[in-house]
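Q:
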Amino acid sequence: MSLSDTDAAVQNGVSRIETLRTLLAKHGAPGSRGCRQGAGDLTPIIRDGDVDVDVEPELVQVLGGEHELMLDLHPHLFPLARSQSTGNYVCALRRAFANDADYESSSMAPWPIVESKINAPGMRLLSLNSEHFMRRIACEADDSGTGEEIVAIYNEGLGQGKLPDAGLDEPYEPGSVAKLGYGVDKYALLRVGPFPDLYESMALQHQAKGDESSSLIAAETANGKFTGFGSTFAFYAKLLSTFPNRQEETKDAARVCLRIPIPSGGMEVEDLAQIARFARLATEDDSPTEAIAKMAVMYETIRQHEQDDDAANASKTPEQNAIDEANFLLDSVALHGGRWSDIRSKLGIIYHSAGRDDMALFVDPGMKL
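Note that this note's numbering numbers the sequence shown so that position 223 is 382, with each residue one more than the last.
Dropping the structure here:
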């Protein structure tokens with residue numbers, strides 16, 4: 160196992176990574192909070208030693224001295240670009256699952272694209288994979304009337320049967336958004352793929368019209384589309400709280416987030432604090448730190464109950480137990496604070512002990528195997 164194996168994993172998990180870096184630099188990251196700006200604000204991050212990288216040199220920030228800083232990103236994140244104006248990062252998320260090619264959330268699945276920042280407790284989901292994300296960029300640029308160059312960059316290499324999804328292997332045809340006639344957001348959802356921010360916008364539009372049923376259906380649909388991410392349930396809880404007689408449902412939706420990786424609940428400390436309040440584990444009078452501390456108590460109660468479930472634990476493999484231990488370590492940092500760099504070594508040891516040297520080297524590149 161070597162860094163070259165990590166490079167291979169990145170290429171497998173992030174389809175057409177060089178194209179993605181270029182498109183991010185030119186257009187920005189749709190759905191993000193602090194990485195939307197194009198025109199070079201998002202600087203692609205290229206590690207020393209990367210080869211065959213087709214990105215314009217003036218758009219590249221070589222990951223040299225900044226390497227130490229980026230060790231304080233969530234350990235499962237692979238940084239793709241950094242906003243010069245906000246300091247936020249667009250990253251690919253490498254999730255760890257038990258090795259089972261038939262499992263719905265297989266480790267071989269494409270890596271979701273997220274937004275995060277240094278020592279943030281979590282991340283903001285942007286897209287389930289790089290191909291969806293790039294096609295959304297292409298259709299947005301086309302709809303703006305200034306997307307000729309971006310569409311050309313996106314289309315390069317498509318139509319050759321190299322992508323497993325035939326629908327995404329077809330070049331984007333300029334004018335497609337206008338031809339459909341529903342606007343770029345609906346085009347993205349109908350013709351590209353699911354995006355959490357677009358489902359949120361749809362839900363809020365229905366809410367503003369007083370259509371409670373359609374609003375909640377949009378949010379519930381998002382919950383089903385983005386398995387394993389707490390942020391959609393956090394939004395669902397927030398939405399429920401705005402409607403009358405939905406207090407219990409609000410609480411239940413928020414508490415789902417405690418059974419999903421905590422960092423997936425949001426990028427900011429306030430995102431997690433809000434979950435605690437909607438879950439009725441904290442009050443509006445609690446500071447964000449106090450609210451998250453109260454949520455941590457409930458989280459640890461749930462974990463203890465799961466550990467005491469002998470029947471469920473008896474069938475777990477050593478690899479599954481190690482992944483559970485790793486997730487607990489990651490959740491603990493998100494809930495209690497701290498530097499992500501401080502746990503990388505311990506996290507690497509956990510993965511190594513279960514035979515997951517691929518993940519061990521990914522989270523702790525300096526590990527000697």
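Yeah, the Cβ is synthetic: ideal placement off N, Cα and C, and Gly gets one too.
Given the structure is predicted, the values throughout are model-derived calculations rather than measurements.
(1) Look up I509 in the DSSP assignment and give the residues it is bridged to.
(2) Within 10 angstroms of its Cβ, does L531 collect 16 or more other Cβ (buried), or is it exposed?
(3) For a test of the three-state rule: what should DSSP assign to T178, helix, strand or coil?
(4) Tell me which residues share the same chain as L179 and place their Cβ nearer than 6 Å to its Cβ, disregarding the 5 neighbours each side in the sequence.
(5) Rounded to a whole number of angstroms, what is the C-alpha to C-alpha distance between F437 and G389?
(6) Taking the alpha helix (DSSP H) that F392 belongs to, which residues open and close that run?
(7) Are P234 and V522 closer than 7 Å when you measure CB to CB?
(8) Quick one: what does DSSP say E263 is sitting in, helix, strand or coil?
(9) Apply the 10 Å Cβ neighbour rule to Y395 and answer buried if 16 or more other Cβ atoms are within range, or exposed otherwise.
(10) Taking DSSP as the reference, what is the three-state secondary structure of P280?
(11) Enumerate, from N- to C-terminal direction, the unbroken alpha helix (DSSP H) stretches of 4 or more residues contained entirely within the region 451-522.
(12) How close, in whole Å, do the beta carbons of L349 and S374 come, if the pair is a contact with beta carbons under 8 Å?
(13) State the CB to CB distance for the pair L332 and P189, rounded to an integer number of angstroms; the pair is presumed to be in contact (CB under 8 Å).
(14) Can the beta-carbon of L236 be found closer than 7 Å to that of V249?
(15) Based on the DSSP secondary-structure assignment, which residues constitute the bridge partners of F292?
(16) Which one of Q479, G424, E329 has the shortest CA to CA distance from M454?
(17) Using three-state DSSP, classify P238 as helix, strand or coil.
(18) With distances taken Cα to Cα, identify the nearest neighbour of L183 among P355, L322, D200.
(19) Rank L489, P422, H495, G496 by C-alpha distance to the C-alpha of I509 and give the top, closest one.
(20) Quick check on V351: buried or exposed, where buried means 16 or more other Cβ atoms within 10 Å of its Cβ?
(21) For the beta strand (DSSP E) holding Y248, just list the boundary residues, first then last.
(22) Using only the alpha-carbon positions, how far apart do G306 and A297 sit?
(23) Between the alpha carbons of L287 and R175, how many angstroms are there, rounded?
(24) Ignore the nearest five residues each way along the sequence and tell me which others in R418's own chain have a CB closer than 8 Å to its CB.
(25) I'd like to confirm something about N404: is its beta-carbon nearer than 6 Å to some heavy atom of the ligand NAD, or not?
(26) Near E215, what residues of its chain come up, given a Cβ to Cβ distance below 8 Å and the 5 sequence neighbours on each side ignored?
(27) So the candidates are E329, Y346, L431, I502; which of them puts its Cα closest to the Cα of D302?
(28) Does DSSP put T165 in a helix, a strand or coil?
(29) Can you tell which of Y313, D324, I421, G369 has its C-alpha closest to the C-alpha of E459?
(30) Among all the DSSP beta bridges, which residues are the ones paired with E274?
(31) Please return the same chain residues whose Cβ sits closer than 6 Å to the Cβ of R439, not counting the five positions on each side in sequence.
(32) When burial is assigned at 16 or more other CB atoms within 10 Å of the CB, is P323 buried or exposed?
(33) L440 CB to nearest chain C CB: under 7 Å?
(34) Using the Cα positions of S275 and R405, report the straight-line distance between them to the nearest angstrom.
A: The structure says:
(1) I509 is not bridged to any residue.
(2) Residue 531 is absent from the structure shown; the chain starts at 160 and stops at 528.
(3) Helix, per DSSP.
(4) S289, M293
(5) 13 Å
(6) 389-399
(7) yes
(8) Note on E263: pLDDT 46, under 50, position unreliable in the model; the coordinate value appears next. E263 falls in the coil class under three-state DSSP.
(9) The residue in question, Y395, is buried, as its Cβ has 16 or more Cβ neighbours within 10 Å.
(10) coil
(11) 469-473, 477-495, 503-512, 516-522
(12) Going by Cβ atoms, the distance from L349 to S374 rounds to 19 Å, so no, they are not a contact pair.
(13) Strictly speaking, residue 332 in this sequence is Glu, with Leu absent from that position. At roughly 19 Å, the Cβ-Cβ gap does not stay under 8 Å, so E332 and P189 are not in contact.
(14) no
(15) Its beta-bridge partners do not exist; DSSP assigns none.
(16) G424
(17) strand
(18) D200
(19) L489
(20) Counting Cβ neighbours within 10 Å, V351 comes out buried, since at least 16 surround it.
(21) 248-252
(22) 7 Å
(23) Spanning the alpha carbons of L287 and R175 requires a straight line of approximately 15 Å.
(24) I461
(25) This structure simply doesn't include the ligand NAD, nor any ligand for that matter.
(26) Low confidence applies to E215: its pLDDT is 40, below 50, so where it sits in the model is not reliable, and the reading given next is rough at best. Correct list, in chain order: T181, A184.
(27) Y346
(28) helix
(29) I421
(30) V249, R283
(31) K410
(32) exposed
(33) Annotation note: the requested chain C is absent from the structure, which comprises a single protein chain.
(34) Those two C-alpha atoms are separated by around 31 Å.
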